[in-house]
Amino acid sequence: MKRRPMGIETEYSLTAVRTKNNKNRFSSMVKVDMYFFKPVHQIISLADDGCPPAVKKLFLMGDAGKDFWLGSTGGALYLDAGNVEYATPECCSVEQLVRADKGGERVINLLREAIEPVLRSQNPQFKTLVIAKNNSDAVRGKSKKIHFRGSHENYETRYDLTIHQKHPLFFEALISLLVSRQLLAGGGGLVNLDGLGWQYVISPRALMRQPFVYWHGEMSGHPSIDFKNEREDCPQGRTRLHLSLGDPNMLPQALRLRVTLMHVFLSLFEKGPVGSSLPLLEDPYDALRTFSLDPSLGAKTVVKGRGQWCMREVLLEWLEILRKFYEGETTDTSDKIRGTLRHAHNLIRTGTDPEAYANDTDWSLKRLLLDNYCRKERSDYSDFRARMFDFAYHDISPVGIYNMWQARLGGRDPFSDEEMREVLWEHRAAPRAELRKRHITALVRSGLSGYYDWGLFSVKGRSIPVSSSLRGSHKLVARDIKRLKRLQGDLG
Numbered sequence: 002m003k004r005r006p007m008g009i010e011t012e013y014s015l016t017a018v019r020t021k022n023n024k025n026r027f028s029s030m031v032k033v034d035m036y037f038f039k040p041v042h043q044i045i046s047l048a049d050d051g052c053p054p055a056v057k058k059l060f061l062m063g064d065a066g067k068d069f070w071l072g073s074t075g076g077a078l079y080l081d082a083g084n085v086e087y088a089t090p091e092c093c094s095v096e097q098l099v100r101a102d103k104g105g106e107r108v109i110n111l112l113r114e115a116i117e118p119v120l121r122s123q124n125p126q127f128k129t130l131v132i133a134k135n136n137s138d139a140v141r142g143k144s145k146k147i148h149f150r151g152s153h154e155n156y157e158t159r160y161d162l163t164i165h166q167k168h169p170l171f172f173e174a175l176i177s178l179l180v181s182r183q184l185l186a187g188g189g190g191l192v193n194l195d196g197l198g199w200q201y202v203i204s205p206r207a208l209m210r211q212p213f214v215y216w217h218g219e220m221s222g223h224p225s226i227d228f229k230n231e232r233e234d235c236p237q238g239r240t241r242l243h244l245s246l247g248d249p250n251m252l253p254q255a256l257r258l259r260v261t262l263m264h265v266f267l268s269l270f271e272k273g274p275v276g277s278s279l280p281l282l283e284d285p286y287d288a289l290r291t292f293s294l295d296p297s298l299g300a301k302t303v304v305k306g307r308g309q310w311c312m313r314e315v316l317l318e319w320l321e322i323l324r325k326f327y328e329g330e331t332t333d334t335s336d337k338i339r340g341t342l343r344h345a346h347n348l349i350r351t352g353t354d355p356e357a358y359a360n361d362t363d364w365s366l367k368r369l370l371l372d373n374y375c376r377k378e379r380s381d382y383s384d385f386r387a388r389m390f391d392f393a394y395h396d397i398s399p400v401g402i403y404n405m406w407q408a409r410l411g412g413r414d415p416f417s418d419e420e421m422r423e424v425l426w427e428h429r430a431a432p433r434a435e436l437r438k439r440h441i442t443a444l445v446r447s448g449l450s451g452y453y454d455w456g457l458f459s460v461k462g463r464s465i466p467v468s469s470s471l472r473g474s475h476k477l478v479a480r481d482i483k484r485l486k487r488l489q490g491d492l493g
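Counting from 2, one number per residue, gives the positions in the sequence shown under our numbering.
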């Protein structure tokens, strides 16, 4: 099995805390460009003695109000529909991707610490920024519409799998896996539902009514399953599968389980042929919602030709199929993947109690912590304090609920500071990301200013191509820098 380029895009919510009449005021509808991107640009534009050394080492370059590329990692940080979004660089293994995702938290938290003094100097009432790895409804008291975006996955896969007429089974199977996978990958959260009030659900993202794929046609909006046919970025016969059904994960183990299942599933269909005895869902939309609304794990749905199954039973069947397929694989990461599949199988097989998942899944851990808090405070889910607790679980600062819980266990997260330094400043990613890092770092060090987009560099209204990801080399990067310097000089 070949290594698979993969990446994660995670949306972060930004809440400004101000003091008024000696009380904290929370505003989650702030202008993200004003409170984040412009101050970051202001920081990196300072003279050498004004920009914090750690920020300088990120080699940030981009537009003042929207986007930044990171020369240190090859990742991207940008404004997307009112959210701060971080895209990891392309990674070649599950472990690489899990570390890169946690590295994104460190990048954003580092920038938050750098820009808060700037914001305080501009507004005496400003106190702090709360940046949460969860674009949640928790602080929108009366909202009826689910405002929850989440975490998007990208996997390189075979181009012909995107043709529905050729592989209808692939899409049915993929939807079945995604619907049941929330048992391991769900982020958990409180949502305000008509007629039910505030409820705790396994995956808030699952409640956003959107099409799985384009051809269903009965709903508008972006599909949960999409293919980005960027032929210039993928080798012949390959494409990028884009999944937008996931919740952000604070627990590295939850992301590890989520990505491992997808990687092995895609490998199963790429290798083919696949047997017909798969747990396909009669009504996947109903199953997605039904499963998410029942954290007690007892709800059932119809599996085609096989009767009523609960989410555990559907996912357990998938794990048995994936474990059997992967048993004979021999790669440098196969032992870790087999271990992850074995652990997931044992967890699902024995995990009849929702609390049994607390060490591995965000939805179970957060529910356990939230329920303990509500008992202590004698409150319920409708209490604003409970909703703020839900929100604060995803706060990426040291005072966030998840990070404080980790600190009590003896460590902020399972990765050492040395590993995080490697992720932030010495990350070894897929070749495409390595070349992007090389370009951006060289541009920043050369003092070139402008907007970088993969394949193009824009300066003063003109865009010129730079070396392709598939053809780049040190020599071509040096050539690009010379051309861009000449262009900038000509434009004055």
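Glycine residues also receive a C-beta, built at the ideal position from the N, C-alpha and C atoms.
Starting from the C-beta of residue i, find all residues in its chain whose C-beta is less than 7 Å away, skip the five residues before and the five after it, and write them out in chain order.
| i | result |
| --- | --- |
| Phe-1 | Residue 1 is absent from the structure shown; the chain starts at 2 and stops at 493. |
| Glu-378 | Arg-386 |
| Ser-221 | A caution first: Ser-221 carries a pLDDT of 44, below 50, which makes its placement in the model unreliable, though a value can still be read off. No residues qualify anywhere along the chain. |
| Thr-129 | Val-18 and Glu-117 |
| Val-478 | Arg-439, His-440, Ala-443 and Ser-468 |
Buried or exposed: which applies to residue i, given that a residue is buried once 16 or more other Cβ atoms fall within 10 Å of its Cβ?
| i | result |
| --- | --- |
| Lys-103 | buried |
| Asp-354 | exposed |
| Gln-123 | exposed |
| Asn-347 | exposed |
| Glu-12 | buried |
| Pro-480 | It is Arg, not Pro, that sits at residue 480 in the sequence shown. Exposed, by the Cβ-count rule. |
| Val-400 | exposed |
| Thr-74 | buried |
| Asn-404 | buried |
| Leu-471 | Caution applies to Leu-471, whose pLDDT of 44 falls short of 50 and renders its modelled position unreliable; the model cannot decide the point. |
| Leu-410 | exposed |
| Gly-218 | Any reading at Gly-218 needs caution, since the residue's pLDDT is 40, under 50, leaving its predicted position unreliable; the model's value is listed next. Gly-218 is exposed by the Cβ-count criterion. |
| Gly-329 | exposed |
| Gly-51 | exposed |
| Ala-288 | buried |
| Asn-360 | exposed |
| Arg-487 | exposed |
| Gln-126 | exposed |
If you follow the beta strand (DSSP E) that residue i is part of, which residue opens it and which one closes it?
| i | result |
| --- | --- |
| Ala-387 | Premise fails: Ala-387 lies in the alpha helix (DSSP H), 385-393, not in any beta strand (DSSP E). |
| Asp-227 | 226-229 |
Going by DSSP, what residue range makes up the alpha helix (DSSP H) through residue i?
| i | result |
| --- | --- |
| Gln-200 | Here Gln-200 belongs to no alpha helix (DSSP H); instead the beta strand (DSSP E) covers 198-202. |
| Glu-117 | 95-123 |
| Ala-357 | Note, Ala-357: premise wrong, no alpha helix (DSSP H); not H, not E. |
| Asp-363 | 363-378 |
| Pro-40 | 39-45 |
| Met-35 | Taken as a continuous stretch (DSSP letters only), Met-35 belongs to no alpha helix (DSSP H), as it is neither H nor E. |
| Asp-336 | 335-351 |
| Arg-409 | 402-409 |
Based on DSSP bridge pairs, tell me the residues matched to residue i.
| i | result |
| --- | --- |
| Leu-61 | Leu-71 |
| Tyr-133 | The displayed chain sequence assigns Ala, not Tyr, to residue 133. Paired residue(s): Ser-14 and Asp-396. |
| Tyr-79 | Asp-68 and Glu-86 |
| Met-7 | Cys-92 and Tyr-156 |
| Leu-242 | Tyr-156 and Phe-228 |
| Lys-483 | For Lys-483, which the question treats as bridged, DSSP gives no partner whatsoever. |
| Ser-447 | Looking at the DSSP assignment, Ser-447 forms no beta bridge with any residue, so it has no partner. |
Considering only residues of the same chain and omitting the five flanking positions on each side of residue i, which have a CB-CB separation below 6 Å?
| i | result |
| --- | --- |
| Ser-552 | Nothing about residue 552 can be reported from this structure: the residues present for the chain run from 2 to 493 only. |
| Glu-233 | Caution applies to Glu-233, whose pLDDT of 49 falls short of 50 and renders its modelled position unreliable; the value that the coordinates give is listed next. Closer than 6 Å at Cβ, skipping near neighbours: no residue. |
| Met-312 | Ser-181, Leu-184 and Phe-292 |
| Glu-283 | Val-303 and Lys-305 |
Return the chain-ordered list of same chain residues with a C-beta closer than 8 Å to the C-beta of residue i, the five sequence neighbours on each side being excluded.
| i | result |
| --- | --- |
| Arg-239 | Glu-157, Thr-158, Arg-159 and Tyr-160 |
Extract the residue ranges of the beta strand (DSSP E) inside the region 244-311, only unbroken runs of 3 or more that lie entirely within it. If we require 3 residues or more, the beta strand (DSSP E) runs fully inside the region 244-311 come out as 301-304 and 308-311.
Mind listing, in chain order, the continuous alpha helix (DSSP H) runs of no fewer than 4 residues lying wholly within the region 151-194? Within the region 151-194, the complete alpha helix (DSSP H) runs of at least 4 residues are 169-186.
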